[in-house]
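Report on the structure given below.
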Amino acid sequence: MTTYQKQSLLIAILGVASLMGVGISFAERNFLMAIVCTIIAILVIGIGFMNKAKHRKNGTL
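The numbering used here numbers the first residue of the sequence shown as 15 and each following residue consecutively.
Rendered as structure tokens:
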């Protein structure tokens, strides 16, 4: 497993965990935590896309 694959796996796991946090927050009616988890999910997924674009540009993908 390459370093890029490890990074991508970690980012994917963090993204899924934050989206699960959104669902759990809504179930518990904790809307502040749902907003926080949504922001974290957007940031983590954005970092994943930026990482992929960087590797594509370098030709290491």
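Beta carbons are placed, not taken as given, at the ideal position from N, Cα and C, and that holds for glycine.
Inter-residue CB distance, residue i and residue j (contact presumed, cutoff 8 Å)
i	j	result
residue 53	residue 29	Contact doesn't hold; Cβ gap of about 12 Å is too wide.
residue 25	residue 61	6 Å
First and last residue of the uninterrupted alpha helix (DSSP H) at residue i
i	result
residue 62	45-72
Exposure of residue i, with buried meaning 16 or more beta-carbon neighbours within 10 Å
i	result
residue 55	buried
Where residue i sits in the DSSP three-state scheme
i	result
residue 16	coil
residue 23	helix
residue 75	coil
Proximity of residue i and residue j at Cβ, strictly below 8 Å
i	j	result
residue 65	residue 21	yes
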